[in-house]
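Read the structure below first, then the notes.
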Amino acid sequence: MIQQGLFFRRLLFIASLLSTLFVYGQKPKEVIIEGNALFAANCDIRAISISDYINLLPNTIASTKISKTGYFKLSFKTNTIQIIQLEINTSRSEMFIVPGYQYKIEINMDEQKFKMFNPADENGFLQIRSSQIDTNDLNYKINKFYSFYEKTLEKYANNIIRFRSLLHYDSLLNDIESQYPVVYEPTNYYLSYIYYTIGQLEAIVKNKNYKEIYNKYFDNDFILYDNPAYMTLFNYYYDNYLYLSPRISKEVLDKAINENCNYLDLFNGVGKDYSLVNEKLRELVIIKNLSQFVNNDEFNQENVIKLLQHIIKNTHFEEHKKIAESSLKTSIRFNTGSSIPNINFKSANGSKYDPKDYEGKWIYYQFFSTQCVDCIREMVIINELQKQFKDKIVFVSVSVDADVTKFIQFRKKYTQFDWEFVHFNNSYEWIKYFEIYSLPEYLLISPDGTLFSRYPSSPEKDLTIFLMRLFTEEEETADPLNPHYNQK
58 MIQQGLFFRR
68 LLFIASLLST
78 LFVYGQKPKE
88 VIIEGNALFA
98 ANCDIRAISI
108 SDYINLLPNT
118 IASTKISKTG
128 YFKLSFKTNT
138 IQIIQLEINT
148 SRSEMFIVPG
158 YQYKIEINMD
168 EQKFKMFNPA
178 DENGFLQIRS
188 SQIDTNDLNY
198 KINKFYSFYE
208 KTLEKYANNI
218 IRFRSLLHYD
228 SLLNDIESQY
238 PVVYEPTNYY
248 LSYIYYTIGQ
258 LEAIVKNKNY
268 KEIYNKYFDN
278 DFILYDNPAY
288 MTLFNYYYDN
298 YLYLSPRISK
308 EVLDKAINEN
318 CNYLDLFNGV
328 GKDYSLVNEK
338 LRELVIIKNL
348 SQFVNNDEFN
358 QENVIKLLQH
368 IIKNTHFEEH
378 KKIAESSLKT
388 SIRFNTGSSI
398 PNINFKSANG
408 SKYDPKDYEG
418 KWIYYQFFST
428 QCVDCIREMV
438 IINELQKQFK
448 DKIVFVSVSV
458 DADVTKFIQF
468 RKKYTQFDWE
478 FVHFNNSYEW
488 IKYFEIYSLP
498 EYLLISPDGT
508 LFSRYPSSPE
518 KDLTIFLMRL
528 FTEEEETADP
538 LNPHYNQK
């Protein structure tokens, strides 16, 4: 006879598996987005999805060139409602898309902010407007709700957030419920968005009152992977949860991860926590937290990576496989020794830049724009450094100007800078991979072509001292009479 607890756990597992098969079994439908963006004529426009709401890795799913009259048309297929980003150069905005729908939109933006490398710093975003108002459109409904929510929150914000006043929270909730349904309807994307948006605020007001928040928002059979409101609450509630929960001992984590590297021990050991009873939810929390443990000195990094790889190979849930893959990629991409994505930069004369030309040497990348005064000033320092360390390190300055002609003019103007200068050649995905959002930025590449440091010293700070120490150590370890010879 099957024990009752085991019986219900199996039922839950089967229900979760069926819900997964339902989503992934649906045939993808085409989505069309067309419209006008005259301010960005002749620029590329990209539709970008994210890997998941834990890792947020971008993936270009469609792209096209905006015509000289401003017209564009994007098309792609999907089987889920989701948020995508529309991106032109480094300017972006978001919109919800529904499988099978056609969207007609107008895009505008302040032209001065559009020319900036990161217009978001100045609150500059693409302004997306539907060409025809449709009150049934998900974007219309969510934007209308969120506008009301923000105005209502502003009314009570000081007392709710600063003093965690439950009385004012209840007043806010009453105001919202007078206009919008705040109900748990997991199969309705719009209603779930409202419900879990309120949940985010409730979790803050009640200071992560774990039992109450779990019972209300997570003690159910649905994980809404593609709903940003649900996943925002999930990320807040379960952030570093395995490490911080008083119901999970450090001994359990240490033994399962550091000593035994045993996924089953970890899975069963943390399952005694009431917020991790649901086995599907528990696995998702483990994935999220393992990726946080990768760079935690209390855990064996190699074992953490092996556990993530185990989940990728053995999970029963397709969503978890993809999230674990993204988590592994995200957690180690900036580690020393990580591989570098293919580079597609070009020089001012149009020839392709090939980092293999400098194989066996250190490479220091400086990212700049021709409008960045600080970037140009520090080139004076780079000029001295490249003379001092010319035989050991290569300096490469990478222009991220959207208009390549500005880069070409810059090279003609500053001929005294005689190291390698290249244009990023609209490699926006590469720039985003390394999270280069402000200027100047830097990368340091090892002689074997792998990443040494995502955040090396800047020329104006400690780069000179760092390079002197680095090359002094290299010379010492290359000396057979030195005790550290061949140990580096």
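Residue numbers for the sequence shown follow the numbering used here, so the first one is 58 and each next one is one higher.
Cβ coordinates follow ideal geometry from the N, Cα and C atoms, glycine included.
On a predicted model such as this, the values are computed, not experimentally measured, just so you know.
| By Cβ distance below 6 Å, which residues in the same chain neighbour residue 501 in space, the five residues on each side in sequence not counted? | 421, 509, 510, 513
| field | Candidates 199, 217, 260, of which the one nearest residue 291 by Cα | value | 260
| query | Exposed or buried, which one is residue 467 when buried takes at least 16 other CB atoms within 10 Å? | reply | Looking at its Cβ environment, which holds 16 or more other Cβ atoms inside 10 Å, residue 467 is buried.
| Using the rule of at least 16 other Cβ atoms within 10 Å of the residue's Cβ for burial, across every protein chain shown, is residue 516 buried or exposed? | buried
| residue 488 to residue 353, Cα distance in whole Å? | 26 Å
| request: Decide if the stretch 120-127 is in contact with the stretch 182-200; the criterion is three or more beta carbon pairs, one per stretch, under 8 Å apart. | output: no
| said: Give me, in chain order, the residues of the same chain whose beta-carbon lies closer than 8 Å to that of residue 258; leave out the 5 immediate sequence neighbours on both sides. | reply: 210, 217, 226, 229
| query | When burial is assigned at 16 or more other CB atoms within 10 Å of the CB, is residue 529 buried or exposed? | reply | exposed
| Neighbour-count burial assignment, residue 555, 16 or more Cβ in a 10 Å radius | Nothing about residue 555 can be reported from this structure: the residues present for the chain run from 58 to 545 only.
| task | Compare the Cα-Cα distances from residue 341 to each of 414, 203, 368, 130 and report the closest residue. | result | 368
| query | Would residue 448 be called buried (16 or more neighbouring beta carbons within 10 Å of its own) or exposed? | reply | Classification for residue 448: exposed.
| query | Looking at the structure shown, is residue 152 part of a helix, part of a strand, or coil, going by DSSP? | reply | strand
| field | residue 89 (DSSP reduced to helix, strand or coil) | value | The DSSP-derived three-state label of residue 89 is strand.
| message | Using 9 Å as the threshold, is the C-beta distance between residue 146 and residue 84 below it? | response | no
| Just to confirm, are residue 88 and residue 155 a CB contact at a threshold of 9 Å? | yes
| query | Is DSSP giving residue 525 helix, strand or coil here? | reply | helix
| task | Confirm, please, whether the CB-CB distance from residue 426 to residue 96 is below 9 Å. | result | For residue 96 and residue 426, no; Cβs fall outside 9 Å.
| task | May I ask you to list the residues that DSSP assigns as paired with residue 130? | result | 91
| said: Short of 7 Å in beta carbon distance, which residues of its chain neighbour residue 527, apart from the five on each side in sequence? Order them along the chain. | reply: Excluding positions up to five away in sequence, the list is empty.
| task | State whether the stretch 401-412 contacts the stretch 477-492, with contact taken as three or more CB pairs (one from each stretch) at a distance under 8 Å. | result | By the Cβ test, the stretch 401-412 is in contact with the stretch 477-492, since at least three Cβ pairs between them sit closer than 8 Å.
| Cβ shell of residue 451 (< 6 Å), same chain only, five flanking positions each side left out | Counting only Cβ-Cβ distances below 6 Å, and skipping sequence neighbours, we find 415, 418, 420.
| Under the three-state reduction of DSSP, which class applies to residue 461: helix, strand or coil? | The DSSP-derived three-state label of residue 461 is helix.
| With 16 other CB atoms within 10 Å as the buried threshold, where does residue 361 fall? | buried
| For residue 457 versus residue 496, is the C-beta distance shorter than 9 Å? | yes
| request: Confirm, please, whether the CB-CB distance from residue 126 to residue 103 is below 9 Å. | output: no
| task | With residue 588 as the anchor, note down where its beta strand (DSSP E) starts and where it stops. | result | This structure leaves residue 588 out entirely; the chain is present only between 58 and 545.
| request: Pull up the distance between the alpha-carbon of residue 167 and that of residue 187, whole angstroms please. | output: 18 Å
| message | Between 223, 113, 255, 244, which has its C-alpha nearest residue 237's C-alpha? | response | 255
| query | If we count the other Cβ atoms within 10 Å of its Cβ and call it buried at 16 or more, is residue 335 buried or exposed? | reply | buried
| field | Three-state class that DSSP yields for residue 520 in the structure shown | value | In the three-state scheme derived from DSSP, where H, G and I count as helix and E and B as strand, residue 520 is classed as helix.
| message | For residue 222 and residue 356, I'd like the C-alpha separation in whole angstroms. | response | 39 Å
| Where residue 375 sits in the DSSP three-state scheme | helix
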